[in-house]
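Novice: Sharing a structure below in structure tokens format, with a few things to ask.
Number of protein chains: 2
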Amino acid sequence: MFKEKKDRKSNEMVVTPWEVSGTIDYKKLVKKFGTTLLSEKEISALDKYSEGNLHLLLRRGLFFSHRDFDWILKMLEKGVKFSLYTGRGPSGHTHLGHLVPWIFTKWLQDIFDVELYFQMTDDEKFLFSQKLSFQETRDFAYENAKDVMAVGFDPKKTHFIFDSQLTSTMYKIAVEVANRVTFSIAKAVFGFVNESNIGMIFYPSIQAMPCFLPSELKGSNVPILIPAAIDQDPYWRITRDVAPKLGYYKPAAIHCKFFPGLAEGGKMSASEPDSCIFTTDTPNNAKKKVMRSYTGGRATVEEQSELGGEPDKCNIYWYEYYLFEPDDNKVNEMRSNCLAGKLLCGQCKKILAEKVKQFVSDHQEKRSKFTDEMITKMIIKE
Amino acid sequence: MFKEKKDRKSNEMVVTPWEVSGTIDYKKLVKKFGTTLLSEKEISALDKYSEGNLHLLLRRGLFFSHRDFDWILKMLEKGVKFSLYTGRGPSGHTHLGHLVPWIFTKWLQDIFDVELYFQMTDDEKFLFSQKLSFQETRDFAYENAKDVMAVGFDPKKTHFIFDSQLTSTMYKIAVEVANRVTFSIAKAVFGFVNESNIGMIFYPSIQAMPCFLPSELKGSNVPILIPAAIDQDPYWRITRDVAPKLGYYKPAAIHCKFFPGLAEGGKMSASEPDSCIFTTDTPNNAKKKVMRSYTGGRATVEEQSELGGEPDKCNIYWYEYYLFEPDDNKVNEMRSNCLAGKLLCGQCKKILAEKVKQFVSDHQEKRSKFTDEMITKMIIKE
Numbered sequence: 002m003f004k005e006k007k008d009r010k011s012n013e014m015v016v017t018p019w020e021v022s023g024t025i026d027y028k029k030l031v032k033k034f035g036t037t038l039l040s041e042k043e044i045s046a047l048d049k050y051s052e053g054n055l056h057l058l059l060r061r062g063l064f065f066s067h068r069d070f071d072w073i074l075k076m077l078e079k080g081v082k083f084s085l086y087t088g089r090g091p092s093g094h095t096h097l098g099h100l101v102p103w104i105f106t107k108w109l110q111d112i113f114d115v116e117l118y119f120q121m122t123d124d125e126k127f128l129f130s131q132k133l134s135f136q137e138t139r140d141f142a143y144e145n146a147k148d149v150m151a152v153g154f155d156p157k158k159t160h161f162i163f164d165s166q167l168t169s170t171m172y173k174i175a176v177e178v179a180n181r182v183t184f185s186i187a188k189a190v191f192g193f194v195n196e197s198n199i200g201m202i203f204y205p206s207i208q209a210m211p212c213f214l215p216s217e218l219k220g221s222n223v224p225i226l227i228p229a230a231i232d233q234d235p236y237w238r239i240t241r242d243v244a245p246k247l248g249y250y251k252p253a254a255i256h257c258k259f260f261p262g263l264a265e266g267g268k269m270s271a272s273e274p275d276s277c278i279f280t281t282d283t284p285n286n287a288k289k290k291v292m293r294s295y296t297g298g299r300a301t302v303e304e305q306s307e308l309g310g311e312p313d314k315c316n317i318y319w320y321e322y323y324l325f326e327p328d329d330n331k332v333n334e335m336r337s338n339c340l341a342g343k344l345l346c347g348q349c350k351k352i353l354a355e356k357v358k359q360f361v362s363d364h365q366e367k368r369s370k371f372t373d374e375m376i377t378k379m380i381i382k383e
Numbered sequence: 002m003f004k005e006k007k008d009r010k011s012n013e014m015v016v017t018p019w020e021v022s023g024t025i026d027y028k029k030l031v032k033k034f035g036t037t038l039l040s041e042k043e044i045s046a047l048d049k050y051s052e053g054n055l056h057l058l059l060r061r062g063l064f065f066s067h068r069d070f071d072w073i074l075k076m077l078e079k080g081v082k083f084s085l086y087t088g089r090g091p092s093g094h095t096h097l098g099h100l101v102p103w104i105f106t107k108w109l110q111d112i113f114d115v116e117l118y119f120q121m122t123d124d125e126k127f128l129f130s131q132k133l134s135f136q137e138t139r140d141f142a143y144e145n146a147k148d149v150m151a152v153g154f155d156p157k158k159t160h161f162i163f164d165s166q167l168t169s170t171m172y173k174i175a176v177e178v179a180n181r182v183t184f185s186i187a188k189a190v191f192g193f194v195n196e197s198n199i200g201m202i203f204y205p206s207i208q209a210m211p212c213f214l215p216s217e218l219k220g221s222n223v224p225i226l227i228p229a230a231i232d233q234d235p236y237w238r239i240t241r242d243v244a245p246k247l248g249y250y251k252p253a254a255i256h257c258k259f260f261p262g263l264a265e266g267g268k269m270s271a272s273e274p275d276s277c278i279f280t281t282d283t284p285n286n287a288k289k290k291v292m293r294s295y296t297g298g299r300a301t302v303e304e305q306s307e308l309g310g311e312p313d314k315c316n317i318y319w320y321e322y323y324l325f326e327p328d329d330n331k332v333n334e335m336r337s338n339c340l341a342g343k344l345l346c347g348q349c350k351k352i353l354a355e356k357v358k359q360f361v362s363d364h365q366e367k368r369s370k371f372t373d374e375m376i377t378k379m380i381i382k383e
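Line by line, the protein sequences are chains A and B. Position one of the first sequence corresponds to residue 2 (this note's numbering), numbered consecutively onward. Position one of the second sequence corresponds to residue 2 (this note's numbering), numbered consecutively onward.
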């Protein structure tokens, strides 16, 4: 669909809201996108706010970059609370890679006791897909919303924005944004071409809208913090340009790295279902998928004993490090044993597979408590 | 804003939804746009339906072109009623030129006893203007709606679509349309350029939406007839292409010619307020404007007596012919006396000025009966 997809070198880093490929160099990406690496100052502030319970995803650096998060902290010091905004493009079932930023967002909601605006971009996923009907993306939005709630957000402080259930207030904000964004700007940021449909071209206004909706609903300006994977940053770059022209604050953001799938390379992507742990997989199936994961292991047991494994290339290690093993001693031990060739991939897989099986099972139990009706009640109607 | 406005020959015919200029050759325009001239067959059918009370605007040919109006009549014969759809871009106060298609639409509502969907494109007028705020176009929408109702529509069968009060059903239809319209198509029809904002580019979907809304609200397909000036046709050309792909009927249309202002040449346009009769003018001011109108008169009384006037160039004659003098004998007499030099412009102006004064006064009385609250009740909310 987009020009840039053609004529590309095989390993070239490509990061757009629709595509992540090649070898990702996060330092280069931060420079290219113009964001800022999280510094000791922001991290220690979060440590203080969480009373020493810094989230693993932050402590181990999966969340690593930001825009104006220091300003969010300054506003907090002045007594001005922010609202959280994140979202999901409901093009299929939820997988573990989707849950990661939500888990971190829930932690932020807990420690700061703030409102969350969660956008279901069912219009986007219909407009940008050639396979899904609008009804399908709308149905997935409900399914995905149950996964969001299973993560543990406070239902009283969590508000869903379903794009397909757009309200007149939302449309008014989107039109105000659209009026300030020319086709050239949208084209430069998103690579639109003649074949792009006119819904795609308007869509950046709809994705900007939740940054300003809390201010409109409250009647005064509300700082917004967006926790999201860094590939989504271009949307809010436009939003940040437009915000002061419309009299709103620029939204701040806190970015995470991409969550790898179970295959070699690339982020977890629903288009490769075997490399994905879906929240709808049976716990046993999830376990089996982990057992088939790509690892940092060598070709033979002998080689592994002699050379040691490569944890930095290993999905299993990655999952343990960022998500499943909070104990620093244990994770360090795993790493050193692997490097020393004392640990075989089968052993590691088995340990993680049980954890993933339990995680999926627990998640499904929490998820089963949410019905369409409960989600409907949490959708903003005005 | 649009490419085509540059480098144009002074008298070249230009007809787009945003600009009408040059010498209009309606036969050429019908050919260029691909519409069909109304034939004896359609006119006699309307004569029958109105029990011999064919509307002046039709009898004298201001409504002159159509798309699929013959199909609307065939559906009627089968017992399938159509709904009317027309609208207004609320960029200022209403003038006489705006009222003309509404007067005809009211006649159609009366003789066919059908629903009317009236769209207030307050988003469009904001997006395409560099002067008006969104609040201003929204305010004008209410003011204009009172003028619509003053024309005499049945309040029980008249439903307003205020774009700024878009509902989720409306947005869903617009997104379905947008998904079928590429940027190239929109560009070819409307002349969008890099500087066009992304709201403008999406806007054709919003203008298509009311063609399908009655079907969505009713749950089965409803034929739509759009009475409008012919310059608005491009919007529904795209709509007609998309309709069968989405499973709807193509909207039919009945087109009128442009209503001239009081100055020489050009259609009545709010950008030249002195040549416009606004519904908000005092009756006396309206009268004065008519007295200053351009006419088909000669330079001197002597010349006029000798050569006769030129009714075909005369705004006063045009207004009498199409709108204010239903009596064929009287209008023929006026024409022959003018051609024979027996009638001076001052006399004609005086007669019309009194009629216009009365018209404005009557309209204002009817208009005063409508409040914002009454309009709000007629706006589609679901």
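Glycine residues also receive a C-beta, built at the ideal position from the N, C-alpha and C atoms.
Is there a C-beta anywhere in chain B that falls below 8 Å from the one on I112 of chain A?
Specialist: For this step, residue 112 of chain A is matched to residue 111 along the first sequence. Not closer than 8 Å to any Cβ of chain B, the Cβ of I112 of chain A fails to qualify, so no.
Novice: When you compare each of A:M150, A:C339, A:C212 and A:K258 to T377 of chain A by their alpha carbons, which one comes out closest?
Specialist: Reading the first sequence from its first residue, position 376 is the one you call residue 377 of chain A. Taking only the C-alpha atoms, the option nearest T377 of chain A is A:M150.
Novice: Against S197 of chain A, what residues of chain B qualify as contacts under a CB-to-CB distance less than 8 Å, listed in chain order?
Specialist: The residue you call residue 197 of chain A lines up with position 196 of the first sequence. Result: T183 and F184.
Novice: Mind checking whether V1 of chain B and G200 of chain A have CB atoms under 8 Å apart?
Specialist: The structure shown does not extend to residue 1 of chain B, since chain B spans only 2 to 383, so no value can be given for it.
Novice: Using only CA atoms, which one of A:D69, A:Y323 and A:E334 lies nearest to L55 of chain A?
Specialist: Here residue 55 of chain A refers to the residue found at position 54 of the first sequence. Of the listed residues, the one whose Cα sits closest to L55 of chain A is A:Y323.
Novice: Output yes if chain A places a C-beta closer than 8 Å to the C-beta of G200 of chain B; else output no.
Specialist: Within the second sequence, numbered from 1, the residue matching residue 200 of chain B stands at position 199. Taking Cβ atoms only, chain A reaches closer than 8 Å to G200 of chain B, which makes this a yes.
Novice: Can you have a look at E321 of chain A and say buried or exposed, based on whether 16 or more other CB atoms are within 10 angstroms of its CB?
Specialist: The residue labelled residue 321 of chain A in the question sits at position 320 within the first sequence. Buried is the call here.
Novice: Short of 8 Å Cβ to Cβ, which residues in the stretch 366-383 of chain B face chain A?
Specialist: none
Novice: Identify which residue in B:Q208, B:P91, B:N145 and B:F161 has its Cα closest to the Cα of V182 of chain B.
Specialist: Working through the second sequence from its first residue, we reach residue 182 of chain B at position 181. For V182 of chain B, the closest of B:Q208, B:P91, B:N145 and B:F161 by C-alpha to C-alpha distance is B:Q208.
Novice: Output the boundary residues of the alpha helix (DSSP H) element that contains R1 of chain B.
Specialist: Because chain B spans 2 through 383 in this model, residue 1 of chain B falls outside it and cannot be assessed.
Novice: Could you tell me whether the Cβ atoms of V223 of chain B and F83 of chain B are closer together than 8 Å?
Specialist: Your numbering for residue 223 of chain B matches position 222 in the second sequence. Your numbering for residue 83 of chain B matches position 82 in the second sequence. Yes, the Cβ-Cβ distance between V223 of chain B and F83 of chain B is below 8 Å.
Novice: Can you tell me the Cα-Cα spacing of S134 of chain B and K49 of chain A, whole angstroms?
Specialist: For this step, residue 134 of chain B is matched to residue 133 along the second sequence. For this step, residue 49 of chain A is matched to residue 48 along the first sequence. The straight-line gap from Cα to Cα measures roughly 45 Å.
Novice: Tell me, please, whether the CB atom of E144 of chain A is closer than 8 Å to any CB atom in chain E?
Specialist: Absent here is chain E; the protein component of the structure consists of chains A and B.
Novice: Just to check my reading of the structure: S92 of chain B and S130 of chain B have Cβ atoms closer than 8 Å, yes? What is that Cβ distance to the nearest angstrom?
Specialist: Taking the second sequence and counting its residues from 1, one reaches residue 92 of chain B at position 91. Taking the second sequence and counting its residues from 1, one reaches residue 130 of chain B at position 129. That pair is a contact at about 6 Å.
Novice: Is there contact here, the stretch 216-230 of chain B with the stretch 251-259 of chain B, by at least three beta-carbon pairs under 8 Å?
Specialist: In short, these stretches touch, since the Cβ pair count reaches three.
Novice: Let me see if you follow: with CB-CB separation under 8 Å, is A244 of chain B close to chain A or not?
Specialist: The residue labelled residue 244 of chain B in the question sits at position 243 within the second sequence. Not a single C-beta of chain A is nearer than 8 Å to the C-beta of A244 of chain B.
Novice: So that I know if they touch, is there some Cβ in chain A lying closer than 8 Å to that of S92 of chain B?
Specialist: For the purposes of this step, residue 92 of chain B is identified with residue 91 of the second sequence, where counting begins at 1. With a threshold of 8 Å between beta carbons, S92 of chain B makes no contact with chain A.
Novice: Which value, in whole angstroms, describes the spacing of the CA atoms of N333 of chain A and E137 of chain A?
Specialist: For the purposes of this step, residue 333 of chain A is taken as residue 332 along the first sequence, with counting starting at 1. For the purposes of this step, residue 137 of chain A is taken as residue 136 along the first sequence, with counting starting at 1. Cα-Cα distance, rounded: 44 Å.
Novice: Between which two residues does the beta strand (DSSP E) holding M121 of chain B run?
Specialist: As a position in the second sequence, residue 121 of chain B is number 120, starting the count at 1. L117 to M121 is the span of the beta strand (DSSP E), which, as asked, contains M121 of chain B.
Novice: Report the residues of the stretch 205-217 of chain A with a CB closer than 7 Å to any CB of chain B, ordered along the chain.
Specialist: P205 and S206
Novice: May I ask you to list, following chain order, the residues of the stretch 153-175 of chain A that have a beta carbon less than 7 Å from some beta carbon of chain B?
Specialist: S165, Q166, L167, S169, Y172 and K173
Novice: Taking C388 of chain B and H96 of chain B to be in contact with their CB atoms under 8 Å, please state how far apart those CB atoms are, rounded to whole angstroms.
Specialist: Outside the displayed range of chain B (2 to 383) lies residue 388 of chain B, so it cannot be described from this structure.
Novice: Listed from N- to C-terminal order along the chain, which residues in the stretch 111-141 of chain A have their beta-carbon within a distance smaller than 7 Å of any beta-carbon of chain B?
Specialist: From the stretch 111-141 of chain A, only D124, F127, L128 and F135 have a Cβ closer than 7 Å to chain B.
Novice: With a cut-off of 8 Å, does the C-beta of F193 of chain A fall near any C-beta of chain B?
Specialist: In the first sequence, the residue the question calls residue 193 of chain A occupies position 192. It does; some Cβ of chain B falls within 8 Å.
Novice: Answer with buried or exposed for L308 of chain B, where buried requires no fewer than 16 other C-beta atoms within 10 angstroms of its C-beta.
Specialist: Numbered from its first residue, the second sequence carries residue 308 of chain B at position 307. Label assigned to L308 of chain B: exposed.
Novice: Looking at the unbroken alpha helix (DSSP H) that takes in S337 of chain B, where does it start and where does it end?
Specialist: For the purposes of this step, residue 337 of chain B is taken as the residue at position 336 of the second sequence. It spans D329 to L340 - the alpha helix (DSSP H) in which S337 of chain B sits, taken as one unbroken run.
Novice: Figure out for me which residue from A:G98, A:A146, A:W103 and A:K33 has the closest Cα to the Cα of S369 of chain A.
Specialist: By 1-based counting over the first sequence, the position of residue 369 of chain A is 368. That would be A:A146, whose Cα lies nearest to the Cα of S369 of chain A.
Novice: Measuring straight from C-alpha to C-alpha, what distance separates F65 of chain B and C257 of chain B?
Specialist: Taking the first residue of the second sequence as position 1, residue 65 of chain B is located at position 64. Taking the first residue of the second sequence as position 1, residue 257 of chain B is located at position 256. For F65 of chain B and C257 of chain B, the distance between alpha carbons rounds to 6 Å.
Novice: Could you check whether L85 of chain B and P228 of chain B sit closer than 8 Å to each other, using their CB atoms as the reference points?
Specialist: One-based indexing of the second sequence puts residue 228 of chain B at position 227. One-based indexing of the second sequence puts residue 85 of chain B at position 84. The answer is yes: Cβ separation under 8 Å.
Novice: In angstroms, rounded to a whole number, what distance separates the CA positions of L234 of chain A and V16 of chain A?
Specialist: Along the first sequence, one-based indexing puts residue 234 of chain A at 233. Along the first sequence, one-based indexing puts residue 16 of chain A at 15. One detail in the question is off: residue 234 of chain A reads as Asp in this sequence, not Leu. So the alpha carbons of these two residues sit roughly 10 Å apart.
Novice: Output the distance between the C-alpha atoms of S294 of chain A and L247 of chain B, rounded to the nearest integer angstrom.
Specialist: Taking the first residue of the first sequence as position 1, residue 294 of chain A is located at position 293. Taking the first residue of the second sequence as position 1, residue 247 of chain B is located at position 246. Approximately 43 Å, taken between the alpha carbons.
Novice: Within the continuous beta strand (DSSP E) that includes A244 of chain B, where are the two ends?
Specialist: As a first step, residue 244 of chain B must be located in the second sequence, where it is residue number 243. No beta strand (DSSP E) holds A244 of chain B; DSSP gives it neither H nor E.
Novice: Going straight from the alpha carbon of G267 of chain B to that of V178 of chain B, what length do you get?
Specialist: In the second sequence, the residue the question calls residue 267 of chain B occupies position 266. In the second sequence, the residue the question calls residue 178 of chain B occupies position 177. Computed Cα separation, rounded: 34 Å.
Novice: Does P18 of chain A pass the burial test, meaning 16 or more other C-beta atoms within 10 Å, or should it be called exposed?
Specialist: Reading the first sequence from its first residue, position 17 is the one you call residue 18 of chain A. Buried: at least 16 other Cβ atoms inside 10 Å.
Novice: What separation, rounded to the nearest whole angstrom, lies between the Cα atoms of W319 of chain A and P312 of chain A?
Specialist: Here residue 319 of chain A corresponds to residue number 318 of the first sequence, with the count starting at 1. Here residue 312 of chain A corresponds to residue number 311 of the first sequence, with the count starting at 1. Between the alpha carbons of W319 of chain A and P312 of chain A lies a gap of roughly 8 Å.
Novice: Here's the rule: buried if 16 or more other CB atoms are within 10 angstroms of the residue's CB, otherwise exposed. What is S300 of chain A?
Specialist: For the purposes of this step, residue 300 of chain A is taken as residue 299 along the first sequence, with counting starting at 1. For the record, residue 300 of chain A in the displayed sequence is Ala; it is not Ser. Label assigned to A300 of chain A: exposed.
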